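Undergrad:
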Amino acid sequence: ATAALLLPDAGGDPRLVPAPVGEEPPADVSVDDVCRGQRPAPAPPDVQTSAPRTPVAPGDEAELGLRDRSGPVARAVVAEVTAPDGARALRDARLDGPAWTYLDFPSDFPGAEGTDRPGTYRVRWRNGGGAALACDGFVVGGHP
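Just so we're aligned, residue 113 is where the sequence shown starts under the numbering used here, counting upward by one.
#1: Anyone know if the C-beta pair for Ala191 and Ala205 falls short of 8 Å?
#2: Is DSSP giving Asp216 helix, strand or coil here?
#3: Throw me the rounded Cβ distance for the Gly183 and Gly209 pair, which I believe falls under 8 Å.
#4: Check for me: the beta strand (DSSP E) holding Val141 runs from which residue to which?
#5: Please classify Ala186: does DSSP put it in a helix, a strand, or coil?
#6: Identify which residue in Arg181, Ala163, Arg179 and Ala246 has its Cα closest to the Cα of Glu173.
#7: Please state whether the Cβ-Cβ distance between Val168 and Val252 is less than 8 Å.
#8: Please report the straight-line C-alpha distance between Pro230 and Gly149, rounded to a whole angstrom.
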């Protein structure tokens, strides 16, 4: 949706004027909102995620992590980051037992657009077969 300004015209009557492109505020969406319906049910009890809990400055890296505290063996996982505009970036990774696996967004995600767009970024983790493991996220810019 494009934001619009309500301005009076020469006769004093209000009229709608489209907002300049690129000046829309970030969507007022929390990480919980972007993950609603994306988390497995029931959630794996020993799967933990990490992501920045304070806003990331536009253009900065975001460190994303996953671990399975009960994971006795190595296994393939996939991280999918979805930007506020819907652009997605994927990266394969490996969980190695209960150790944390970390990826830096966007540098570890080939072709990722980066963190220039303010708003909430969703991070979905899946196992090698595509089943959901966890959902997390981070905010770029101010608090949504």
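Just so it is clear, CB atoms sit at the ideal spot from N, CA and C, and this is done for glycine as well.
Keep in mind the model is a prediction, meaning the values are calculated, not measured.
TA: Taking the definition as stated:
#1: The answer is yes: Cβ separation under 8 Å.
#2: For Asp216, the three-state secondary structure derived from DSSP is strand.
#3: With 8 Å as the limit, Gly183 and Gly209 qualify as a contact, their Cβ atoms being about 5 Å apart.
#4: Val141 -> no beta strand (DSSP E), and no H or E assigned at all.
#5: Strand, per DSSP.
#6: Here the closest residue by C-alpha is Ala163.
#7: Yes, they are a contact pair.
#8: Pro230 and Gly149: Cα-Cα distance of roughly 23 Å.
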